[in-house]
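Chemist: One structure is given below, represented as structure tokens, and several questions about it will come after.
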Amino acid sequence: MAKIKKTLGEFLTEKNIVTLTQIQTAHLESEKTGESLSHVLVRLGMVPEDKVLEYYTEYCKIPRIDLKKIDSQIISLVPEKTARRYHLLPVEKTDNKLVIAMSDPLNIIVLDEIKFRTGMDIEVGVAPDSEINRYINQFYYVSAAPGAGVSEIVKKIDMKAVATAGEDESELKKLRSLAEEAPIIKLVDTFIAQAYHDRASDIHIEPDENLLRVRHRIDGVLYDVATLPKHLQPAVISRAKIMSDLNIAVKRAPQDGRFQIDIEGSPIDVRVSTFPTIHGENVVMRLLDVHSILIGLEELGFSPEDLERFKRLITNPYGIILVTGPTGSGKTTTLYSALNMLNSPKKNIMTVEDPVEYHLFGIRQAQVNPKAGLTFASGLRSILRQDPDIIMVGEIRDLETAEIAVHSALTGHLVLSTLHTNDASSALTRLLDMGVEPFLIASSVIGIVAQRLVRVIDPNCKETYKPSPHLIKEFPSLKPNTNFYYGKGCNACKGIGFKGRKGIFELLVMNEEIKELVTAKASASAVKRAAEKQGMKTMRDNGLDKALAGVTTLEEILQVTMVE
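Start counting the sequence shown at 0; every next residue gets the next number (numbering that gives the first Met the number 0).
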């Protein structure tokens, strides 16, 4: 192989195919998902696949391989997990030489791994990523989750019965019967147990044209777990629906349900959502472990100063405290942790949520039910007649809910709720945009928390490194030669380099200056400047402190605070 003088990014930017900003964004995504840069560029639609091939074949002089020549007898030389993770396939074997097709043929580490595993000399070629994925699905019929024996389970399934399952009443009975047979039950239970062991928050069962894919979301990122033959789709999806008490005959309308399963003595609540797609019903199962959310405020990730300020806020007898951030940023965990601290026999705490994710002992919780007339607004109005001390409203979505929340705070109640805004100061302008009077906002809101979740470096494989200059530029306060940390990847973290997540926060506490700005309908940026002047640290600053302490990486912080 010829000596490579230009990286893929340099090659593409010099040809004006992508911008430097796009390359930087792709690098961040690559760090986050573990994918190669070439794969990320194509997946995000930044670069046509043929331009990536041009780099490898014409510039790097790596031969292109025709995947039609794959010898199916040698597929087992490379495990499916390796093939899928690194987008490669064994193509041909002669004597002691193995020809490998890759979409990123410059990944020398992977080639060394295969050479070590097979004991053979490796010759590498390039092939389009889309073709490699298609042939992987063709040759690796079923993926086996680690220790799960998925292949063995599938062999025990009556394929003939699955293939003949239809949609009339008698066939639906057959399908229900099949979904309640031991192999299908064991298969679905295996995916749930594996998700629990992998600390996954969600299981995705996704129908494609020719297969059924199973993925787990771990620390916010989706990873492939298994690929099942298409004809197992009706039985697997029906099993998930039966477990959550959904109607298996309804396939063209979304459904929502839930069930509880015991895994190694831990009761796990599973929320199930189905959605009809052109290739069949998509199923997402969210795993809710009560032990993972009922944690102390000290464990959330607040800085010592912000933790003390937040504790003082939630001990106020009245006022509104808002927690803001996008979906999946940990807002519910923060609210539940606050309620857990406040919970006392001397307090009447009531909530209205959508949905109730965890049952909190000693707290009266209600779930919204629009069909029955129970919305956030109507529920909040009714709660006020229940003599509450503290109220939690799952989300302030409209003017009616906002106005009742303000009224509740002004009449002596502590109200906790959430908003979907990018930062703390934007929450105030969001309330103004809803139509709440400025003087009411200034009188009722006492504090706002904005937050995101960042992945935590696995301590088992933590190593120091110096970030690239372009990354350092995003953090002006940094000194050029500062050492940071990253996770190299190990067995404990399954090669990801991260294990778990923590919050990064900014805490805005209302003072007279900010109240005057709100009353004058000042911009969010003006409010933010005033809050920083009084000592508020932004999420990026809080994240930078965590990166300096070796908790997470600079790339993670930049990724989740990109909007700033």
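Note that the Cβ used here is the ideal one computed from N, Cα and C, for glycine as well.
#1: Do I121 and I99 have their C-beta atoms within less than 8 Å of each other?
#2: Report yes or no: do the stretch 481 to 492 and the stretch 545 to 554 share at least 3 C-beta pairs separated by less than 8 Å?
#3: Is I16 close to the ligand FAD? I mean its beta-carbon at under 7 Å from any heavy atom of the ligand.
#4: If you draw a straight line from the C-alpha of D201 to the C-alpha of I64, how long is it?
#5: Under 8 Å, do A401 and M349 count as touching if we go by C-beta distance?
#6: Is it the case that the Cβ atoms of L312 and G446 are separated by a distance below 8 Å?
#7: What is the DSSP secondary structure of P228, counted as helix, strand or coil?
#8: Report yes if the C-beta distance between R83 and D223 is below 8 Å; otherwise report no.
#9: Distance check for S272 and Q232, CA to CA, integer angstroms please.
#10: Suppose contacts are defined by Cβ-Cβ distances below 8 Å. Is R347 in contact with P387 by that definition?
#11: Out of L227, D422, K229, which has the shortest C-alpha to C-alpha gap to T323?
#12: What is the residue span of the alpha helix (DSSP H) that V49 lies within?
#13: Helix, strand or coil: which one does DSSP assign to K478?
#14: Could you name each continuous alpha helix (DSSP H) segment of 4 residues or more that falls completely within the stretch 247 to 300, going from the start of the chain to the end?
#15: By Cβ distance, which residues of its chain are closer than 8 Å to E297, with the 5 residues on each side in sequence left out?
#16: In the DSSP assignment, what residue or residues form a beta bridge with L506?
#17: Which parts of the stretch 373 to 402 are runs of the beta strand (DSSP E), unbroken and 3 residues or longer, counting only runs that do not cross its ends?
#18: Are the stretch 424 to 444 and the stretch 464 to 474 in contact at 8 Å, needing three or more beta carbon pairs?
#19: Using CA atoms only, rank isn't needed, just tell me which of T428, K461, P253, I320 is closest to G393.
#20: Pick helix, strand or coil for D564, following the three-state DSSP scheme.
#21: Would you call the CB atoms of S336 and I294 closer than 8 Å?
#22: Tell me whether L566 sits in a helix, a strand or coil according to DSSP, three-state version.
#23: Can you look up D544 in the DSSP assignment and give me helix, strand or coil?
#24: Which ranges would you report for the alpha helix (DSSP H) in the stretch 106 to 134 if only whole runs of at least 4 residues count?
#25: Taking the beta carbon of N15 as the centre, do at least 16 other beta carbons fall within 10 Å, making it buried, or is it exposed?
#26: Keeping to the same chain, check which residues put their C-beta closer than 6 Å to that of E473; ignore five residues upstream and five downstream.
#27: Which whole-angstrom value is the C-beta distance of G575 and G496, which I expect to be below 8 Å?
#28: In terms of DSSP beta bridges, what is R216 paired with?
#29: Out of H38, V351, T560, E356, which has the shortest C-alpha to C-alpha gap to P369?
#30: Rounding to the nearest angstrom, what Cα-Cα distance links Q366 and V249 in this structure?
#31: DSSP on G496, reduced to helix/strand/coil?
#32: Distance, Cα to Cα, C59 vs E91?
#33: Tell me which residues share the same chain as A404 and place their Cβ nearer than 7 Å to its Cβ, disregarding the 5 neighbours each side in the sequence.
#34: Look at the alpha carbon of L36 and the alpha carbon of S29, and state the distance between them as a whole number of angstroms.
#35: Looking at C-beta atoms only, is the number of pairs between the stretch 534 to 546 and the stretch 514 to 523 that lie closer than 8 Å three or more?
#36: Using DSSP with H/G/I as helix, E/B as strand and the rest coil, what is V235?
Modeler: Answer, in terms of the structure:
#1: Numbered from 1 along the sequence shown, position 122 holds the residue referred to as residue 121. Numbered from 1 along the sequence shown, position 100 holds the residue referred to as residue 99. For I121 and I99, yes; Cβs fall inside 8 Å.
#2: Three or more Cβ pairs closer than 8 Å define a contact, and the stretch 481 to 492 meets that threshold against the stretch 545 to 554.
#3: Although the ligand FAD was asked about, the structure shown includes no ligands whatsoever.
#4: What you label residue 201 is simply residue 202 of the sequence shown in a count that begins at 1. What you label residue 64 is simply residue 65 of the sequence shown in a count that begins at 1. The straight-line gap from Cα to Cα measures roughly 37 Å.
#5: By one-based count along the sequence shown, residue 401 stands at place 402. By one-based count along the sequence shown, residue 349 stands at place 350. It is not a contact, given that the beta carbons lie outside the stated cut-off.
#6: Here residue 312 corresponds to residue number 313 of the sequence shown, with the count starting at 1. Here residue 446 corresponds to residue number 447 of the sequence shown, with the count starting at 1. Cβ distance < 8 Å, so L312 and G446 count as in contact.
#7: On the sequence shown, residue 228 is found 229 positions in, with the first residue counted as 1. In this structure, P228 counts as strand in the three-state DSSP scheme.
#8: Residue 83 sits at position 84 when you count from the first residue of the sequence shown. Residue 223 sits at position 224 when you count from the first residue of the sequence shown. Contact: yes.
#9: Stepping through the sequence shown from its first residue, residue 232 is reached at position 233. Stepping through the sequence shown from its first residue, residue 272 is reached at position 273. Cα-Cα distance, rounded: 16 Å.
#10: Counting from 1 along the sequence shown, the entry for residue 347 is found at position 348. Counting from 1 along the sequence shown, the entry for residue 387 is found at position 388. This sequence places Asn at residue 347; Arg is not what is there. Between N347 and P387, the CB-CB gap stays under 8 Å.
#11: Along the sequence shown, one-based indexing puts residue 323 at 324. Selection L227, D422, K229 evaluated against T323 yields D422 as nearest (Cα-Cα).
#12: Numbered from 1 along the sequence shown, position 50 holds the residue referred to as residue 49. According to the sequence shown, residue 49 is Asp rather than Val. From DSSP, the alpha helix (DSSP H) with D49 extends over 48 to 53.
#13: Residue 478 sits at position 479 when you count from the first residue of the sequence shown. Three-state DSSP puts K478 in coil, outside helix and strand.
#14: Taking only runs of at least 4 residues, the alpha helix (DSSP H) segments lying wholly in the stretch 247 to 300 are 289 to 292.
#15: Here the question's residue 297 lines up with position 298 in the sequence shown. Within the same chain, E297 has close Cβ partners L306.
#16: In the sequence shown, residue 506 corresponds to position 507, counting from 1. Beta-bridge partners of L506 (DSSP): V448.
#17: Runs of the beta strand (DSSP E) lying entirely within the stretch 373 to 402 and spanning at least 3 residues, in chain order: 389 to 392.
#18: No: fewer than three Cβ pairs fall under 8 Å.
#19: Looking up residue 393 in the sequence shown gives position 394. In this structure, I320 is the residue among T428, K461, P253, I320 with its C-alpha nearest to the C-alpha of G393.
#20: Outside the displayed range of the chain (0 to 563) lies residue 564, so it cannot be described from this structure.
#21: As a working note, residue 336 is residue 337 in the sequence shown. As a working note, residue 294 is residue 295 in the sequence shown. Cβ atoms of S336 and I294: closer than 8 Å.
#22: Residue numbering for the chain in the displayed model covers 0 to 563; residue 566 lies beyond these limits and cannot be assessed.
#23: Locating residue 544 in the sequence shown gives position 545, where the first residue counts as 1. DSSP, reduced to helix, strand and coil, places D544 within a helical segment of the structure shown.
#24: Within the stretch 106 to 134, the complete alpha helix (DSSP H) runs of at least 4 residues fall at 107 to 117.
#25: The sequence position of residue 15 within the sequence shown is 16, counting from 1. Counting the other CB atoms within 10 Å of its CB gives N15 a total below 16, which places it among the exposed residues.
#26: If you number the sequence shown from 1, residue 473 lands on position 474. Answer for E473: L557, listed in chain order.
#27: Only positions 0 to 563 of the chain appear in this structure, which leaves residue 575 out of reach.
#28: As a working note, residue 216 is residue 217 in the sequence shown. Note: R216 sits in a beta bridge opposite D201, L221.
#29: For the purposes of this step, residue 369 is taken as residue 370 along the sequence shown, with counting starting at 1. With distances taken between Cα atoms, P369 lies closest to V351.
#30: Residue numbering aside, residue 366 sits at position 367 when the sequence shown is read from its first letter. Residue numbering aside, residue 249 sits at position 250 when the sequence shown is read from its first letter. CA-CA distance, Q366 to V249, rounds to 24 Å.
#31: The residue given as residue 496 occupies position 497 in the sequence shown. G496 sits in coil when the DSSP states are folded into three classes, being neither helix nor strand.
#32: Here residue 59 refers to the residue found at position 60 when the sequence shown is read from its first residue. Here residue 91 refers to the residue found at position 92 when the sequence shown is read from its first residue. One C-alpha to the other measures close to 22 Å.
#33: Within the sequence shown, numbered from 1, the residue matching residue 404 stands at position 405. Here the set comprises I319, L379, V392, I395, V414, S416.
#34: Numbered from 1 along the sequence shown, position 37 holds the residue referred to as residue 36. Numbered from 1 along the sequence shown, position 30 holds the residue referred to as residue 29. Their backbone Cα atoms lie some 6 Å apart in a straight line.
#35: Result no; under three Cβ-Cβ pairs closer than 8 Å.
#36: What you label residue 235 is simply residue 236 of the sequence shown in a count that begins at 1. Correct three-state label for V235: helix.
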